[in-house]
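Single-structure report; data block below.
There are 2 protein chains.
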Amino acid sequence: MTYCVAVKVDDGLVFVGDTRTSAGVDDVRTYNKMHVFETPGERVFVVMSAGNLATTQTVLTHLRRDMADDKPVNLNNIRHMFDAADYLGGLSVRSQKEAGAHTQYASNVDFRTTLILGGQIQGEDPALYLIYPEGNCISASPETPYIQIGESKYGKPILDRVIRPQISLEDAARCALVSMDSTMKSNLTVGPPLDLAVLPRDALRITHKERFDLDTPFYANLRKSWGDLLMRSFTELPRFEWEAQSQAQTQLL
Amino acid sequence: MTYCVAVKVDDGLVFVGDTRTSAGVDDVRTYNKMHVFETPGERVFVVMSAGNLATTQTVLTHLRRDMADDKPVNLNNIRHMFDAADYLGGLSVRSQKEAGAHTQYASNVDFRTTLILGGQIQGEDPALYLIYPEGNCISASPETPYIQIGESKYGKPILDRVIRPQISLEDAARCALVSMDSTMKSNLTVGPPLDLAVLPRDALRITHKERFDLDTPFYANLRKSWGDLLMRSFTELPRFEWEAQSQAQTQLL
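Here the protein sequences line up with chains W and U, keeping their order. Just so we're aligned, residue 1 is where the first sequence starts under this note's numbering, counting upward by one. Just so we're aligned, residue 254 is where the second sequence starts under this note's numbering, counting upward by one.
Here you go:
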């Protein structure tokens, strides 16, 4: 499995993804799931993926080849973010079909992949899309300013509490990392190292791209701090009525 | 869907369950999912359920009828907690089979139910079991001191962080309620009111059984406090290196 989350706030976009892939518990590998296509000053795209790794790699190969071959439609000349999402959806469906066609015998392999596409093209607002395996897509919105793919449930509550369009890019990045940390704590198929990319509005370049392992000082500090702060918060929660009484009695003893 | 969680700490057992049932989004009802069978001073059982409501009600009817009819095996005379879990698993399988047998035509209805059984019989330690739809069961343990059924992923991270056998019953209850709150925030099929039951070790009776609605003062206070504390914790997380610099610059301006 995989967990990737992208957040769209007023100040720009933040992307966080894990790197663990698994084809069974005894076939666990590390793969980059965050792919940046950048023409600084002009256009930036970030693609993240969850699902069949072969399909994903086929999609990325097509993406790169279309650019290299200067095809009529490719990421270098596409004019709108929505068109990029639509194009990527088309590549995804084609790659899934190709993979399926090569299967000589009926197999249970799931060739689907789900993608996140975020970025900005000069002259347009930043945009963030979830691209379904079927090739269609939905956009992030002010009411739903984040998109998750993969193992998304464990890390959703903290996003629901914190993410608002008004928060800073840094807070969005911290929240996405905390969401990832909670997921890794509860699910073994999501694992380090983690990739973070920050694309501020109108920067038209990734200003920060970092890879965090569990012992990378900043991330280790963030994890420990969050754990400690949660435990401290926990001790400050209101007491039950009956608890106050029994505590008062204990103090009297 | 449903979310129920039970925690086994050194001091005893805590149970929290929601009350929302849904057979489609336009058929949402409120049902008690926490059932207490208590002979104070002698034995206490708490049963919680997730899955097919008709199956669950059939299981409960059998449980009660076996006691009323003073059957050779019933909750009033059973000698060990494991035997109770085994008995309950048997009733569950029987009820699912009965329901399936009455289906005249092939249907997609899922008759399965997953149960939690917790309690204590005089002379034994408290025990907590997860009973699978197949009728077999697993026990909570010091390493895994909680059991969840239903929509369990959203509320798992906070349990993984907080629940240890050494924490108090009250902290376990608070943590279970926070876990429930996070789940309700992220999933509409889990809903209030919530039921809480506390069974201290060797009390051999439920000392606290409460129902919380969103506006019940204690629970409203707990939810608001947790939200506020999380947001405060969030503001205290470490800054990114690059953030410290840009903030310093901002302060200089």
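We put the CB at the ideal spot given by N, CA and C, even for glycine.
CB contact below 8 Å: residue i versus chain W
i	result
Phe465 (chain U)	no
Glu414 (chain U)	Glu is not the amino acid found at residue 414 (chain U); the sequence shown has Arg there. True, the Cβ-Cβ gap to chain W drops below 8 Å.
Arg454 (chain U)	no
Leu447 (chain U)	no
Tyr407 (chain U)	yes
Leu506 (chain U)	With a pLDDT of 39 at Leu506 (chain U), under the threshold of 50, the predicted position of this residue should be treated as unreliable, and no value is reported.
Beta-carbon neighbours of residue i, restricted to chain W and to distances below 8 Å
i	result
Phe471 (chain U)	Pro238, Phe240, Glu241
Glu423 (chain U)	Arg239, Phe240, Glu243
His461 (chain U)	Phe240, Trp242
is_contact[residue i, chain U] using C-beta, thresh 8 Å
i	result
Pro72 (chain W)	no
Asn221 (chain W)	yes
Tyr3 (chain W)	no
Tyr146 (chain W)	no
Ser225 (chain W)	yes
Arg174 (chain W)	yes
Lys8 (chain W)	no
Ala248 (chain W)	With a pLDDT of 49 at Ala248 (chain W), under the threshold of 50, the modelled position of this residue cannot be trusted; read the value that follows with caution. Not an interface residue.
CA nearest to the CA of residue i, picked from the options
i	options	result
Glu170 (chain W)	W:Thr207, W:Tyr154, W:Glu38, W:Thr21	W:Thr207
Lys406 (chain U)	W:Ile138, W:Ile131, W:Tyr129, W:Met184	W:Met184
Arg164 (chain W)	W:Asn76, W:Val14, W:Ser225, W:Pro142	W:Pro142
Asn108 (chain W)	W:Gly123, W:Ala176, W:Met180, W:Ala23	W:Ala23
Asp466 (chain U)	U:Val258, U:Gly270, U:Val262	U:Gly270
Ile158 (chain W)	U:Ile420, U:Val431, U:Gln419	U:Val431
Ala456 (chain U)	U:Leu490, U:Pro293, U:Thr283	U:Pro293
Phe111 (chain W)	W:Lys33, W:Ala54, W:Cys175	W:Ala54
Met334 (chain U)	U:Glu295, U:His315, U:Glu351, U:Pro470	U:Glu295
Ile369 (chain U)	U:Asn389, U:Glu351, U:Gln375, U:Asp378	U:Asn389
Pro217 (chain W)	W:Arg232, W:Pro193, W:Thr235, W:Leu199	W:Pro193
Val260 (chain U)	U:Arg492, U:Val312, U:Ala429	U:Ala429
Leu199 (chain W)	W:Leu237, W:Pro238, W:Glu38, W:Phe234	W:Glu38
Thr366 (chain U)	U:Glu387, U:Phe487, U:Gln373, U:Tyr382	U:Glu387
Ala197 (chain W)	W:Gly191, W:Leu229, W:Gly118, W:Ala244	W:Gly118
Ser345 (chain U)	U:Leu490, U:Ala321, U:Ser302, U:Phe493	U:Ser302
Val300 (chain U)	U:Arg273, U:Val281, U:Asn330, U:Gln373	U:Gln373
Arg427 (chain U)	U:Ser478, U:His355, U:Tyr382	U:Ser478
Leu490 (chain U)	W:Glu241, W:Phe240, W:Asn221, W:Leu88	W:Asn221
Val36 (chain W)	W:Val14, W:Arg29, W:Leu229	W:Val14
Beta-carbon neighbours of residue i, restricted to chain W and to distances below 9 Å
i	result
Ser275 (chain U)	The contacting residues do not exist; Ser275 (chain U) stays about 18 Å from chain W at best.
Leu483 (chain U)	Ile158, Arg161, Val162, Leu229, Leu230, Ser233
Local conformation of residue i per DSSP, three classes
i	result
Thr113 (chain W)	strand
Phe298 (chain U)	strand
Tyr3 (chain W)	strand
Phe218 (chain W)	helix
Glu143 (chain W)	coil
Val289 (chain U)	strand
Arg273 (chain U)	strand
Lys224 (chain W)	helix
Gly304 (chain U)	strand
Val190 (chain W)	coil
Val73 (chain W)	coil
Met484 (chain U)	helix
His80 (chain W)	coil
Pro238 (chain W)	coil
Ala456 (chain U)	coil
Ser432 (chain U)	helix
Arg427 (chain U)	helix
Gly376 (chain U)	coil
Arg164 (chain W)	coil
For residue i, the residue or residues it bridges with in DSSP
i	result
Val451 (chain U)	U:Val267, U:His461
Ala99 (chain W)	Paired residue(s): none; Ala99 (chain W) is not in a bridge.
Leu128 (chain W)	W:Gly118
Lys185 (chain W)	According to DSSP, Lys185 (chain W) bridges with nothing at all.
Gly150 (chain W)	W:Tyr3
Ile411 (chain U)	Beta-bridge pairing links Ile411 (chain U) to no other residue.
Arg29 (chain W)	W:Thr21
Ile391 (chain U)	U:Leu383
Val262 (chain U)	U:Gly265
Listed by chain order, chain U residues near residue i by CB distance under 9 Å
i	result
Lys185 (chain W)	Lys409, Pro410, Asp413, Arg414
Residue i: contacting residues in chain U (beta-carbon distance under 7 Å)
i	result
Ser182 (chain W)	Pro410
Any non-hydrogen atom of the ligand FAD within 7 Å of residue i CB
i	result
Gly444 (chain U)	With respect to small molecules bound, the structure shown includes none, and the ligand FAD cannot be examined in it.
Interface flag, residue i vs chain A, CB-CB below 8 Å
i	result
Gly408 (chain U)	Although the question refers to chain A, the structure presented lacks it and instead comprises the protein chains W and U.
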